[in-house]
Amino acid sequence: MGFYSQLVSHFALLIIPILIRFLSFHVESFTPNIITDKEALISFKSQLSNDPPHPLSSWDQNSSPCNWTGVFCNNLHDKRVVALNLSGLGLSGHISAYIGNISFLHSLQLQNNQLTGVIPDQIGNLFRLRVLNMSSNRIEGILPSTITYLTELHVLDLSSNNIISRIPRDIDLLTKLQVLKLGKNNVYGTIPPSLGNISTLTNISFGTNTLSGKIPIDLGRLTNLVELDLTINNLTGTVPPSLYNLSSLINFALAANDLWGEFPEDVGDRLPKLLVFNMCFNRFTGRIPGSLHNLTNIRVIRMAHNLLNGTVPPGLGNLPFLQMYNIGFNKIVSSGDRGLEFLNALTNSTRLHLLAIDGNQLEGVIPEKIGNLSKVLSILYMGQNKIYGTIPASIGQLSGLRLLNLSFNSISGGIPSELGKLQELQELNLAGNQISGSIPKSSSSLRKLIRIDLSGNEISGKIPVSFGNFENLLSMDLSNNKLKGTIPKEILHLSTLSSALNLSRNFLSGSLPDEIGRLVSVTTMDFSDNHFSGKLPSSIKYCLSLENLFLARNMFSGSIPQILAQVRGLVNLDLSSNNFSGIIPVELRNLKALQFLNLSYNDLEEKFPVVGFSRIFLLSI
Numbered sequence: 167m168g169f170y171s172q173l174v175s176h177f178a179l180l181i182i183p184i185l186i187r188f189l190s191f192h193v194e195s196f197t198p199n200i201i202t203d204k205e206a207l208i209s210f211k212s213q214l215s216n217d218p219p220h221p222l223s224s225w226d227q228n229s230s231p232c233n234w235t236g237v238f239c240n241n242l243h244d245k246r247v248v249a250l251n252l253s254g255l256g257l258s259g260h261i262s263a264y265i266g267n268i269s270f271l272h273s274l275q276l277q278n279n280q281l282t283g284v285i286p287d288q289i290g291n292l293f294r295l296r297v298l299n300m301s302s303n304r305i306e307g308i309l310p311s312t313i314t315y316l317t318e319l320h321v322l323d324l325s326s327n328n329i330i331s332r333i334p335r336d337i338d339l340l341t342k343l344q345v346l347k348l349g350k351n352n353v354y355g356t357i358p359p360s361l362g363n364i365s366t367l368t369n370i371s372f373g374t375n376t377l378s379g380k381i382p383i384d385l386g387r388l389t390n391l392v393e394l395d396l397t398i399n400n401l402t403g404t405v406p407p408s409l410y411n412l413s414s415l416i417n418f419a420l421a422a423n424d425l426w427g428e429f430p431e432d433v434g435d436r437l438p439k440l441l442v443f444n445m446c447f448n449r450f451t452g453r454i455p456g457s458l459h460n461l462t463n464i465r466v467i468r469m470a471h472n473l474l475n476g477t478v479p480p481g482l483g484n485l486p487f488l489q490m491y492n493i494g495f496n497k498i499v500s501s502g503d504r505g506l507e508f509l510n511a512l513t514n515s516t517r518l519h520l521l522a523i524d525g526n527q528l529e530g531v532i533p534e535k536i537g538n539l540s541k542v543l544s545i546l547y548m549g550q551n552k553i554y555g556t557i558p559a560s561i562g563q564l565s566g567l568r569l570l571n572l573s574f575n576s577i578s579g580g581i582p583s584e585l586g587k588l589q590e591l592q593e594l595n596l597a598g599n600q601i602s603g604s605i606p607k608s609s610s611s612l613r614k615l616i617r618i619d620l621s622g623n624e625i626s627g628k629i630p631v632s633f634g635n636f637e638n639l640l641s642m643d644l645s646n647n648k649l650k651g652t653i654p655k656e657i658l659h660l661s662t663l664s665s666a667l668n669l670s671r672n673f674l675s676g677s678l679p680d681e682i683g684r685l686v687s688v689t690t691m692d693f694s695d696n697h698f699s700g701k702l703p704s705s706i707k708y709c710l711s712l713e714n715l716f717l718a719r720n721m722f723s724g725s726i727p728q729i730l731a732q733v734r735g736l737v738n739l740d741l742s743s744n745n746f747s748g749i750i751p752v753e754l755r756n757l758k759a760l761q762f763l764n765l766s767y768n769d770l771e772e773k774f775p776v777v778g779f780s781r782i783f784l785l786s787i
């Protein structure tokens with residue numbers, strides 16, 4: 167080897183290590199590392215609201231991101247950010263596109279915040295991502311097509327946002343997906359049949375969207391599925407028979423669509439793990455499958471608002487864990503005095519909190535054992551049937567009741583005093599029956615009442631002064647009964663009354679107390695068809711929320727007060743068939759919202775000045 171060759175070789179031995187170190191430095195500067203993760207997180211933070219105290223105040227340039235709130239790193243020597251959990255921190259603002267630079271991210275959890283804007287396309291760069299949860303935010307826009315690049319994804323939860331999008335046709339590229347939740351958005355279009363190719367799926371939740379078309383038969387291939395929630399959409403057609411073979415299903419919910427057909431009689435045998443069976447608000451026909459009552463662990467059976475017929479099948483006594491049984495508004499029948507005795511079997515369901523059998527053709531007497539139903543029963547719907555007989559005194563044992571609806575049946579007898587024991591009661595509806603006698607004094611104990619409807623009965627006596635105890639009352643309807651006496655001033659002190667006070671079609675008398683002006687929130691007052699007399703109190707001008715005032719067919723006298731024009735929101739005003747006299751106040755023309763006015767059959771001196779009233783329907787003035 168010559169001198170120059172030796173010199174070059176020696177020089178190479180010296181320079182190559184230097185070049186390697188130089189190149190390594192520059193390669194590392196372009197290779198993602200904890201520094202690039204840090205920069206991406208700082209950029210992410212910059213798109214969020216900075217209102218103090220900022221929940222991400224620990225995120226600063228002078229510390230390691232591995233010590234920041236919600237940031238998790240791996241334990242390797244070249245630490246990388248692998249998880250970001252910022253759930254429930256009240257974050258607002260947009261999701262930065264720089265999130266796609268955190269390339270080692272396995273879990274991204276941003277749920278329960280107030281994030282807006284769109285999901286950035288760069289989300290598809292996170293090819294290691296297994297969990298993506300952005301639920302319960304205000305995210306808008308479409309699902310980015312890049313979301314199907316996340317082939318390691320196990321959980322995709324974007325529910326409870328404002329996303330307007332179709333479900334990607336190539337969703338089956340997410341071959342490892344287990345949980346897919348897109349509910350409570352504006353997802354539209356059809357359910358892609360390709361979903362049936364993701365054999366790992368355990369949970370599909372698309373409820374409360376605008377999905378249309380048929381349920382794909384391909385979903386019947388998802389043998390690991392435990393949840394299928396398609397409620398509140400626009401799906402049509404029949405349920406694919408293959409879905410009834412998904413023996414792993416726990417939650418099967420198709421309510422509020424436009425589905426029809428019959429349920430297999432053996433659905434309970436084919437879906438032995440079922441805990442929730444929710445098929446309300448469709449057009450299903452046939453009978454209630456008796457096999458459902460063999461599912462001893464089932465929690466929820468909801469089949470209301472369909473076209474089911476036949477009787478309630480036996481076996482209700484087999485359901486100790488049942489929490490909700492709703493078969494209302496179908497065509498289910500029973501007959502004879504003992505037609506409701508199937509309710510006795512539910513005494514074994516000690517966790518039952520909702521029972522609804524209303525809107526059917528059930529005939530019979532309410533069994534005395536109804537008082538033995540679950541002590542946690544809070545909602546009981548039995549209205550709109552053919553129930554007769556009396557209300558059993560034992561109903562007072564249902565101490566947890568918050569709602570009792572026995573309306574529009576043929577129930578007779580009096581209101582049992584034991585009803586006063588239901589001190590948690592918030593809604594009481596006994597309307598449209600043949601109930602007689604007076605309102606029991608014990609009713610004064612129902613201090614949590616929000617709504618009471620006793621209309622359309624034969625109740626007599628006076629309105630109890632104790633009704634003034636209903637300090638939470640929004641609506642009171644005692645119309646179409648045989649009540650006498652005056653309006654107790656105490657009920658006019660109920661400042662919470664905001665929906666309606668209806669005392670029409672009774673035998674009430676006397677004048678309207680000045681205290682009526684305390685009802686500043688009520689929207690409807692109906693005192694028509696009684697024996698009220700005297701002048702309208704001027705305090706009515708304080709009823710500023712009033713929209714409907716009906717005083718027809720009484721004996722009110724005096725002039726129509728000008729101050730009615732101060733009730734600006736009046737839409738309907740009926741003062742007909744009274745003894746009002748004098749002129750019609752021209753000030754009524756100031757009621758811009760007025761749509762119906764009836765002043766007929768009074769002793770008024772002149773016709774109503776119709777100038778400027780083309781928008782108002784005038785009736786026989």
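Residues in the sequence shown are numbered consecutively from 167, following this note's numbering.
Ideal placement from N, C-alpha and C gives every residue a C-beta, glycine not left out.
Candidates the options: closest to residue i by CA position
i      : options                        : result
Gly362 : Gly355, Thr374, Gly386         : Gly386
Leu342 : Ile364, Lys350, Leu658, Asp740 : Sequence inspection shows Lys at residue 342; the Leu mentioned does not correspond to that position. Ranking Ile364, Lys350, Leu658, Asp740 by Cα distance to Lys342 puts Ile364 first.
Val287 : Leu252, Leu461, Tyr315, Val733 : A small fix is needed here, since residue 287 is Asp in this sequence, not Val. The shortest C-alpha separation from Asp287 is found at Tyr315.
Gly555 : Gly530, Ser565, Gly549         : Gly530
Leu255 : Trp225, Pro221, Ile557, Glu428 : Pro221
Asn156 : Leu271, Leu242, His243         : Coverage of the chain is limited to positions 167 through 787, which leaves residue 156 absent and any answer about it impossible.
Leu458 : Ser675, Asn411, Leu482         : Leu482
Leu754 : Ser742, Ile729, Asn768, Ser743 : Ile729
Pro679 : Phe698, Ser687, Arg517, Thr689 : Phe698
Ile330 : Ala470, Ala421, Asn375, Asp695 : Asn375
Ile313 : Glu306, Ile305, Ile333, Asn303 : Ile333
Val248 : Ser515, Gly456, Asp203, Gly505 : Asp203
Lys350 : Leu461, Asp338, Leu396         : Leu396
Leu473 : Gly586, Arg449, Ser371         : Arg449
Which of helix, strand or coil DSSP assigns to residue i
i      : result
Ser195 : Residue confidence is low: Ser195 scores 39 on pLDDT, short of 50, so the model does not pin down where it sits. No coordinate-derived value is stated.
Thr202 : helix
Asp432 : coil
Gly603 : strand
His697 : strand
Asp692 : strand
Val353 : strand
Thr662 : coil
Phe746 : strand
Cys709 : coil
Arg671 : coil
Arg755 : helix
Ser608 : helix
Gly483 : helix
Lys655 : helix
Gly814 : It is not possible to answer for residue 814, since the shown part of the chain is limited to 167 through 787.
Ser641 : strand
Ala597 : coil
Gly236 : coil
Gln728 : helix
Lys650 : strand
Ala559 : helix
Phe762 : strand
Strand pairing of residue i, partner residues [DSSP]
i      : result
Ala419 : Asp395, Asn444
Thr402 : Lys380, Asp424
Arg449 : Trp426
Asp287 : Beta-bridge pairing links Asp287 to no other residue.
Gly259 : Leu214, Leu281
Met490 : Val466, Leu520
Lys587 : In the DSSP output, where bridge partners are listed per residue, Lys587 has none listed.
Glu624 : Ser602
Same chain, Cβ closer than 8 Å to residue i, five either side skipped, listed in chain order
i      : result
Ser301 : Gln277, Asn278, Asp323, Leu324, Ser325, Ser326, Asn327, Lys347
Ser560 : Glu534, Lys535, Ile536, Gly537, Asn538, Glu584
Ser675 : Lys650, Gly651, Thr652, Asn696, His697, Phe698, Ser699
Ile200 : Ser230, Pro231, Cys232, Cys239, Asp244, Lys245, Arg246, Val247
Cut-off 6 Å between Cβ atoms - residues of its own chain near residue i, not counting five sequence neighbours on either side
i      : result
Leu715 : Met691, Leu739
Ser687 : Ser664, Ser711
Arg453 : Gly476
Asp643 : Asp619, Ser621, Asn668
Beta carbon proximity, residue i to chain B, threshold 8 Å
i      : result
Leu340 : No chain B is part of this structure, which consists of one protein chain only.
Validate contact between the segment 402 to 416 and the segment 463 to 470 using beta carbons, cut 8 Å, 3 pairs: no
Does the segment 486 to 503 come close enough to the segment 518 to 530 that 3 or more CB-CB pairs lie under 8 Å? yes
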